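These notes concern the structure reproduced below.
Number of protein chains: 2
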Amino acid sequence: MDLTRLETLGAAQAARAIAAGEITSGQLVQACLARIREVEPAVQAWHYLDEEHALAQARDRDERRAAGIACGPLHGVPVGIKDIIDTADMPTEDGTPLHVGRMPTGDATVVASLRAAGAVILGKTVTTELATYSPGKTRNPHDAERTPGGSSSGSAAAVAAGMVPLALGTQTNGSLIRPGAFCGVYTYKPTHGWVPRGGVLKLSRTLDTVGVFARSLEDLALAGEQIAGFDENDPDSRPRARPPLVATLAQEPPLPPKFALVKTHLWEQADPAVREAFGELQELLGAQCEDYPLGDSLKDAWTWHRTIMEAEMAANLDLEWERGRDKLSQPLQAQLGRGREVRALDYQKAVARIAILNEAFDELFTRYDAILTPSAPGTAPPAATTGDPSFCTLWSLTGMPALNLPLLSGADGLPLGVQLVGARNADARLLRTARSLVAQAEAASH
Amino acid sequence: MDLTRLETLGAAQAARAIAAGEITSGQLVQACLARIREVEPAVQAWHYLDEEHALAQARDRDERRAAGIACGPLHGVPVGIKDIIDTADMPTEDGTPLHVGRMPTGDATVVASLRAAGAVILGKTVTTELATYSPGKTRNPHDAERTPGGSSSGSAAAVAAGMVPLALGTQTNGSLIRPGAFCGVYTYKPTHGWVPRGGVLKLSRTLDTVGVFARSLEDLALAGEQIAGFDENDPDSRPRARPPLVATLAQEPPLPPKFALVKTHLWEQADPAVREAFGELQELLGAQCEDYPLGDSLKDAWTWHRTIMEAEMAANLDLEWERGRDKLSQPLQAQLGRGREVRALDYQKAVARIAILNEAFDELFTRYDAILTPSAPGTAPPAATTGDPSFCTLWSLTGMPALNLPLLSGADGLPLGVQLVGARNADARLLRTARSLVAQAEAASH
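Put into structure tokens, the structure is as follows:
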């Protein structure tokens, strides 16, 4: 452990060091703040950050530990929160001029869970406009001319730039996996319904999912375990035992995992570098990996996703439309305009497809441990857009758990993401499968 | 107990007598079948009834008891099942020529629960066309020229005519409370989400509710307790302890209950006889009953209900529309046609109103135990229609538990229903409140 560079510690490492008394939360938060001062001018990951308030939380954590009060699994560890997730002690402004000055009345359920686990809520990270497509100020830490991806731009960039070991984001189409891929960080989109969404800006009940960015699978599991859980107030939450993500991740898979390399109808739109890199990965995995072409068969799924997302956004952003349409970006106005015209019949038929799609995929998961597919069609594009979410769309629609694994790089040297998708409600197994894949990829690269 | 007229026994009475060995299930079912043979030609409550199969179930129950196998709370008691609720051993034809010959692959969850409690599934009762408005063959047992109400026509009529002590029905607008009122039987529409709907014809996820007809509150509580419960497969089901309906019903209320006499904007459309009867009821209750006029303030709620119901019906009956529109009645075609044109925006906004409405009613239930309001605008109208469901609409929309209490009668001597509505998830308290009201009304009439 490099005590001169505490900001490089992972969340689990840091929590262990704090629990063991090797470092304090105050020292860790100081190191993160110093790193932020250094790189924030170029990256611009933060929408709100009050250094004093962060340090005060860290002092409180250190005092509690000194007083012998039981410490949670994230005791003293700083976390960044996407600025569409409510925080009782910081504004939450949703990336839109319409919500400037908005002060939530309480913590989102996930923020309350993190605090209960001992975390320090470091600050609020930049989101695109209302968590949709129009970019915020954040730039890609690997290349300031490129986008970090969106909509969880600041969270992905902050973790990638070493400003904070953990950050929360959300995904409705590709807003976790895509910025994770572009910024080269580990990313976890849990099974839809696993993480309660109280206090999170609602775009689409059917699709919205809260997830995590970190620099290791271990940290994804640790944070995921804290924020998952039943919440009677989230209508898609179901009662389940707390998932043993950390314990399962630490196990060896009973057999070498088998991967289905899923090529959708978008495969040909991926950069040659992506297709080449996946060819090499497939070669490396040998008999563990088989092609599973979906081809054109599921093409309509992208239309169903769009129907659902646009119809639900139109309803959830109806007040913004009615009261401040002219303060919304042109692309968002166009999107909401389309959403307002969707027929309830088409909307409901699209929603009904989700269960049928999942049944079809059940068969795949009896034969394979996970789906292997690109996170995005290439590396991060220029900063004028947040890039193409379409490689994430099918997995947002089905609500399957997905990971971004930063295992590859493009011809430009920038990160290329491997997306690993698991069966619904089998998030722990997905993490364990990912660990095995990461180990194989790392062994091969040495 | 009149052993020569076992068909007049209530479900709880009968279950006790069977458990005590005073009668057998076979004798009880024989008595019900004899009563059916007698009155069915006029009432026509049954869509499917196989005497031999009913008696075979009864023999099985009697053999199990004789063998010392533990008996459930409905052991040996016959129950009628509305013909939109699946039964593995009988066809379920949904009141439409489109589904003639339809043989379900299994029991609906509620039927499985009744069988687990020991019930004999006597037969399938007549439903209107696809549980909507176009009447089936059933007539009102009190007057064959009148409608029994719908859509749970056969279930209400069968219980009223003494053919069976218990029957299941469903309500999306007024399909439990209204036939209960017209036929003069006790009726229980549970809190939306309490009773799982697996294997029940789906018209509207947001509104559909399975409920019970019986000839006493005790029987409603007994059957309600068997069919309520969490089911992960019903998306509106939430995990809760089994509601202690029977035990709570048996308690005295801690204080004399207070009633809010709710007069909606429809009040003036009620028959003078209804308004007069409610005036007398109010007088009887004295300080226990206060006017709580909603007047025009909630008028839009009827529009929200219609938007939701028609939009969801259009999606759920899309196959019937696409493949056999010409076999649907004209009114249903018109309704589905409207539903197909609803915008997803209006649909979602209407759904979002439900939670807001319920919050508004929470305040009422801090001051009153239950809402008192007519079940229907009058007694049963002629059999050409199933009557007006609008006095039930608000309580279907909000998903509050409701009862029909057959306490009043009209100028024509036919039953007039008192609708008692409770706070969501407080079904046990509602039943207890009802018992107290029934006792007061009965004491007054003696």
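First to last, the protein sequences are chains A and B.
Just so we're aligned: 243 in this note's numbering is position 243 of the first sequence, and the numbers increase by one with no gaps anywhere.
Just so we're aligned: 521 in this note's numbering is position 75 of the second sequence, and the numbers increase by one with no gaps anywhere.
Yeah, the Cβ is synthetic: ideal placement off N, Cα and C, and Gly gets one too.
Note that the structure is a prediction, hence the values are computed from the model and not measured.
Which partner residues of residue i appear in the DSSP bridge assignment?
i, result
"Phe391/A", "According to DSSP, which records beta bridges pairwise, Phe391/A is partnered with nothing at all."
"Cys289/A", "Phe259/A"
"Ala660/B", "Leu612/B, Tyr632/B"
"Gln171/A", "Thr209/A"
"Leu524/B", "The identity of residue 524/B in the sequence shown is Pro, whereas the question assumes Leu. In DSSP, Pro524/B forms a bridge with Val566/B."
"Thr264/A", "Gly295/A"
Which residue marks the beginning of the alpha helix (DSSP H) containing residue i, and which one marks its end?
i, result
"Val110/A", "109–116"
"Pro41/A", "25–43"
"Pro331/A", "330–341"
"Ile567/B", "From DSSP, Ile567/B is part of no alpha helix (DSSP H) but of the beta strand (DSSP E) over 566–571."
"Val605/B", "599–606"
"Tyr48/A", "Where Tyr48/A is concerned, there is no enclosing alpha helix (DSSP H), although the beta strand (DSSP E) it sits in stretches over 46–48."
"Asp794/B", "Note that residue 794/B is Gln in the sequence shown, not Asp. From DSSP, the alpha helix (DSSP H) with Gln794/B extends over 790–813."
"Leu695/B", "691–695"
Alpha carbon to alpha carbon, how far is residue j from residue i? Give it in angstroms, no decimals.
i, j, result
"Arg146/A", "Phe391/A", "19 Å"
"Leu130/A", "Leu201/A", "8 Å"
"Cys912/B", "Ala355/A", "Lying outside 447 to 892, the shown extent of chain B, residue 912/B is not represented and no answer is given."
"Arg306/A", "Arg323/A", "24 Å"
"Phe676/B", "Arg686/B", "7 Å"
"Ala167/A", "Ala228/A", "15 Å"
"Pro179/A", "Gly154/A", "9 Å"
"Glu310/A", "Gly339/A", "4 Å"
"Val641/B", "Ala260/A", "40 Å"
"Pro636/B", "Lys745/B", "24 Å"
"Ala502/B", "Gly526/B", "16 Å"
"Asp412/A", "Val274/A", "12 Å"
"Ala669/B", "Asn850/B", "15 Å"
"His638/B", "Ala874/B", "14 Å"
"Leu207/A", "Arg325/A", "24 Å"
"Arg651/B", "Glu38/A", "54 Å"
"Ile817/B", "Val708/B", "6 Å"
"Ala604/B", "His499/B", "18 Å"
Tell me where the beta strand (DSSP E) around residue i begins and ends.
i, result
"Ala370/A", "370–374"
"Asn404/A", "402–409"
Within a Cβ cutoff of 7 Å, which residues of the same chain sit near residue i, ignoring the five residues on either side of it in sequence?
i, result
"Arg432/A", "Thr248, Leu249, Gln251, Pro253"
"His99/A", "Glu93"
"Gln672/B", "Pro519, Leu520, Ser559, Leu560, Ala563"
"Thr454/A", "Limits of chain A in this structure are 1 at one end and 446 at the other, which puts residue 454/A out of reach."
Go ahead and label residue i buried or exposed: buried means 16 or more other beta carbons lie within 10 angstroms of its beta carbon, across all protein chains shown.
i, result
"Pro828/B", "exposed"
"His446/A", "exposed"
"Ala466/B", "exposed"
"Gly608/B", "buried"
"Ser297/A", "exposed"
"Gly595/B", "buried"
"Gln865/B", "buried"
"Ile515/B", "exposed"
"Pro141/A", "buried"
"Met549/B", "exposed"
"Ala606/B", "buried"
"Arg481/B", "buried"
"Leu394/A", "buried"
"Thr303/A", "exposed"
"Thr551/B", "exposed"
"Leu854/B", "buried"
"Ala765/B", "The amino acid at residue 765/B is misidentified as Ala; the sequence shows Leu. That one is exposed."
Could you name the residues of the same chain whose beta carbon sits closer than 6 Å to that of residue i, not counting the 5 residues immediately before and after it, in chain order?
i, result
"Met90/A", "Tyr48, Lys124"
"Leu883/B", "none"
"Leu28/A", "Leu6, Ala14"
"Gly456/B", "Pro611, Arg661, Ser662, Asp665"
"Thr470/B", "Asp508"
"Tyr634/B", "Gly657, Val658, Leu666, Gly670, Leu849"
"Leu803/B", "Thr844"
Which residues in the same chain have their Cβ closer than 8 Å to the Cβ of residue i, if we skip the five residues on either side of it in sequence?
i, result
"Gly410/A", "Asp271, Ala273, Val274, Ala277, Gly378, Thr379, Leu416"
"Phe365/A", "Gly422, Ala423, Ala426"
"Arg688/B", "Glu671, Ala674, Gly675"
Does any heavy atom of the ligand NAD sit closer than 7 Å to the C-beta of residue i?
i, result
"Asp682/B", "The ligand NAD is absent from the structure shown, which contains no ligand whatsoever."
For a contact defined as C-beta to C-beta under 8 Å, what are the partners of residue i on chain C?
i, result
"Leu372/A", "Checking the listed chains, one finds no chain C in this structure; the protein chains it contains are A and B."
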